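Peer 1:
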Amino acid sequence: MNELPERDLPPGRHHLLKEHLLTEIRQSEATAAEPKKNSKIWFRPALLAGAVAATVVAGVLVASPFGDQAAQAGPPSKETVRMLEEIAAAAKAQPALKGVRDDQYIYIKSKAGYMATEVSDEGEKSEIEPVRPREFWQSVDGLHDEMLHEPEGGFRYERLEAESSLVEGDAHYRSLEKLPTDPVNMLDWLHKVSDGGKSEDQNTFVLVGDLSYESLMPPKQAAALYLAASKIPGVELIKDAVDADGRHGVAIARVDDGVREELIFDKKTKQFLGEREVAVEDLAGFKKGTVVGRSAILERVVVDKLGERP
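Here our numbering = 1-based position in the sequence shown + 8.
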């Protein structure tokens, strides 16, 4: 298959975008003999209100209609900062991995459901896709092939070829081990690496979510990450949020373009649970209060081989 078109995205979103592009290409190939009257557009939650807000149509990436102007935001409240300090302390207290080999994998089991927009001759119709299971085998060093298993999304043990070289900001464990362990330098790094079509603060917050989701942060770097997040303007505390597995937690959130992106943590252990995105105003295709995306991390562990489960 030819190289898939991409635009600049924060690290951790590229493989998700490729999945959607692959789906669209497969659908268009399957119906190449006849005019394509209907198509579906899938939105990864953080693609909708995060760094790039993109639409995938027949393998072509086009700009989202939601705009890219972020509202002016003030510093986080003392309550929000205290919660992020507790989250950081819990992260730092986690035992560090020992003896991890470059040829091993981080196995991540999750579930997620996103907003999908169906495009037809009659116009567009938006709906939230059902939550579906997902498994991802992420290479420890990023230089070995990876694998995605999301059968309900059309990915049955989809093998993702390793990159010939890594770019700064990739989310593999070996790269994460090299990140700063103090919040000031971590925030500088986040600002430097995050990219997309939103404000710098929103891009940075989205990258915090990326690194919390389908990767495994070493304890000291994870602590620095959450302390850095406490310095991002517009970050707020949501005292009750629900992930895709129905678990209640507290959320660290930020609003951009009418959508609030929430990073959800267990109320007691302060461990990361998942993400949720909620419309905070009426937007094209959905009403205020609509959950436009939700996910949950169910398991995260090191395994020896590609495709191996704990």
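Backbone N, C-alpha and C fix where the C-beta goes; we use that ideal spot for every residue, glycine too. Remember, predicted model here, so these are calculated numbers, not experimental data.
Report all residues from its chain with a CB closer than 6 Å to the CB of Lys-44; omit the five preceding and five following residues, and keep chain order.
Peer 2: In the sequence shown, counting from the first residue as 1, residue 44 sits at position 36. A caution first: Lys-44 carries a pLDDT of 38, below 50, which makes its placement in the model unreliable, though a value can still be read off. Around Lys-44: no qualifying Cβ.
Peer 1: Identify, in the order they occur along the chain, each residue of the same chain with its Cβ nearer than 8 Å to the Cβ of Arg-90, setting aside the five sequence neighbours on each side.
Peer 2: Along the sequence shown, read from residue 1 onward, the residue named residue 90 stands at position 82. There are no such residues.
Peer 1: State the Cα-Cα distance for the pair Glu-169 and Ile-95, rounded to the nearest angstrom.
Peer 2: Here the question's residue 169 lines up with position 161 in the sequence shown. Here the question's residue 95 lines up with position 87 in the sequence shown. When rounded, the distance between both Cα atoms is 34 Å.
Peer 1: Would you mind working out which of Glu-289, Met-194 and Val-309 sits nearest Asp-264, comparing C-alpha positions?
Peer 2: For the purposes of this step, residue 264 is taken as residue 256 along the sequence shown, with counting starting at 1. Closest by alpha carbon: Glu-289.
Peer 1: Which residues bound the alpha helix (DSSP H) around Asp-182?
Peer 2: Position 174 of the sequence shown holds residue 182. Note on residue identity: the sequence assigns Arg, not Asp, to residue 182. 181–184 is the extent of the alpha helix (DSSP H) around Arg-182.
Peer 1: Check the DSSP bridge columns for Ile-272 and list the partner residues they point to.
Peer 2: In the sequence shown, residue 272 corresponds to position 264, counting from 1. Ile-272 pairs with Ala-259 and Gly-282.
Peer 1: Determine the extent of the alpha helix (DSSP H) in which His-152 is found, giving its start and end residues.
Peer 2: For the purposes of this step, residue 152 is taken as the residue at position 144 of the sequence shown. It is not in any alpha helix (DSSP H) - His-152 carries neither H nor E in the DSSP assignment.
Peer 1: Assuming Val-216 contacts Leu-271 (C-beta within less than 8 Å), just tell me the rounded distance between them.
Peer 2: By 1-based counting over the sequence shown, the position of residue 216 is 208. By 1-based counting over the sequence shown, the position of residue 271 is 263. About 7 Å; that satisfies the 8 Å criterion.
Peer 1: Around the Cβ of Asn-193, are there at least 16 other Cβ atoms within 10 angstroms (buried) or fewer (exposed)?
Peer 2: As a first step, residue 193 must be located in the sequence shown, where it is residue number 185. Around the Cβ of Asn-193, a 10 Å sphere holds fewer than 16 other Cβ atoms; the residue is exposed.
Peer 1: Cutting at 6 Å between CB atoms, please list the residues of its own chain near Gly-297, excluding the five before and the five after it.
Peer 2: By 1-based counting over the sequence shown, the position of residue 297 is 289. Closer than 6 Å at Cβ, skipping near neighbours: no residue.
Peer 1: Return the chain-ordered list of same chain residues with a C-beta closer than 8 Å to the C-beta of Glu-154, the five sequence neighbours on each side being excluded.
Peer 2: Residue mapping note: residue 154 aligns to position 146 of the sequence shown, counting from 1. Only His-23, Tyr-113, Phe-144, Trp-145, Gln-146, Ser-147, Arg-167, Leu-168, Ala-170 and Leu-314 meet the Cβ criterion.
Peer 1: Is Lys-206 buried or exposed, if buried means 16 or more other CB atoms sit within 10 Å of its CB?
Peer 2: Counting from one through the sequence shown, the residue named residue 206 turns up at place 198. Under a 10 Å Cβ-count criterion, Lys-206 is classified as buried, with 16 or more other Cβ atoms of the shown protein chains found around its own Cβ.
Peer 1: Counting only beta-carbon separations shorter than 8 Å, does Val-201 have a partner in chain D?
Peer 2: Reference to chain D is not applicable here, since this structure consists of a single protein chain.
Peer 1: How about the stretch 253–263 and the stretch 276–295: do they share at least three Cβ pairs that are nearer than 8 Å?
Peer 2: At 8 Å Cβ cutoff, the stretches touch.
Peer 1: Can you tell me which of Ala-304, Gly-293 and Arg-140 puts its alpha carbon nearest to the alpha carbon of Glu-126?
Peer 2: Position 118 of the sequence shown, counted from the start, is the residue given in the question as residue 126. For Glu-126, the nearest C-alpha among the options comes from Gly-293.
Peer 1: For the alpha helix (DSSP H) holding Asp-218, just list the boundary residues, first then last.
Peer 2: Looking up residue 218 in the sequence shown gives position 210. Unbroken alpha helix (DSSP H) run through Asp-218: 208–220.
Peer 1: Quick one, are the C-beta atoms of Thr-212 and Ser-220 less than 8 Å apart?
Peer 2: Counting from one through the sequence shown, the residue named residue 212 turns up at place 204. Counting from one through the sequence shown, the residue named residue 220 turns up at place 212. It is not a contact, given that the beta carbons lie outside the stated cut-off.
Peer 1: Which residue comes first and which comes last in the alpha helix (DSSP H) that contains Asp-196?
Peer 2: Within the sequence shown, the letter at position 188 stands for residue 196. 191–201 is the extent of the alpha helix (DSSP H) around Asp-196.
Peer 1: If we ignore side chains and look at the alpha-carbon of each, how far apart do Ala-231 and Leu-184 end up?
Peer 2: Here the question's residue 231 lines up with position 223 in the sequence shown. Here the question's residue 184 lines up with position 176 in the sequence shown. Using only the alpha carbons, I get a separation of about 12 Å.
Peer 1: Report the CB separation of Val-267 from Glu-285 in whole angstroms; it is logged as a contact under 8 Å.
Peer 2: If you number the sequence shown from 1, residue 267 lands on position 259. If you number the sequence shown from 1, residue 285 lands on position 277. Rounded, the Cβ-Cβ distance is 5 Å, consistent with contact.
Peer 1: Using the Cα positions of Leu-306 and Asp-218, report the straight-line distance between them to the nearest angstrom.
Peer 2: Stepping through the sequence shown from its first residue, residue 306 is reached at position 298. Stepping through the sequence shown from its first residue, residue 218 is reached at position 210. Going by the C-alpha atoms only, they are around 16 Å apart.
Peer 1: Going by DSSP, what residue range makes up the beta strand (DSSP E) through Leu-224?
Peer 2: Position 216 of the sequence shown holds residue 224. First-last for Leu-224: undefined, no H or E at that position.
Peer 1: With 16 other CB atoms within 10 Å as the buried threshold, where does Pro-318 fall?
Peer 2: By 1-based counting over the sequence shown, the position of residue 318 is 310. Flag for Pro-318 reads exposed.
Peer 1: Should Gly-282 be labelled buried (16 or more other beta-carbon atoms within 10 Å of its own) or exposed?
Peer 2: Locating residue 282 in the sequence shown gives position 274, where the first residue counts as 1. Flag for Gly-282 reads buried.
Peer 1: Would you give the residue range spanned by the beta strand (DSSP E) that Ile-136 belongs to?
Peer 2: Your numbering for residue 136 matches position 128 in the sequence shown. Unbroken beta strand (DSSP E) run through Ile-136: 131–136.
Peer 1: Report buried or exposed for Ala-237, applying the criterion of at least 16 other Cβ atoms within 10 angstroms of its Cβ.
Peer 2: Reading the sequence shown from its first residue, position 229 is the one you call residue 237. Buried, because 16 or more other Cβ atoms sit within 10 Å of the Cβ of Ala-237.
Peer 1: If you draw a straight line from the alpha carbon of Arg-302 to that of Ser-118, how long is it in whole angstroms?
Peer 2: Indexing the sequence shown from 1 puts residue 302 at position 294. Indexing the sequence shown from 1 puts residue 118 at position 110. Their backbone Cα atoms lie some 11 Å apart in a straight line.
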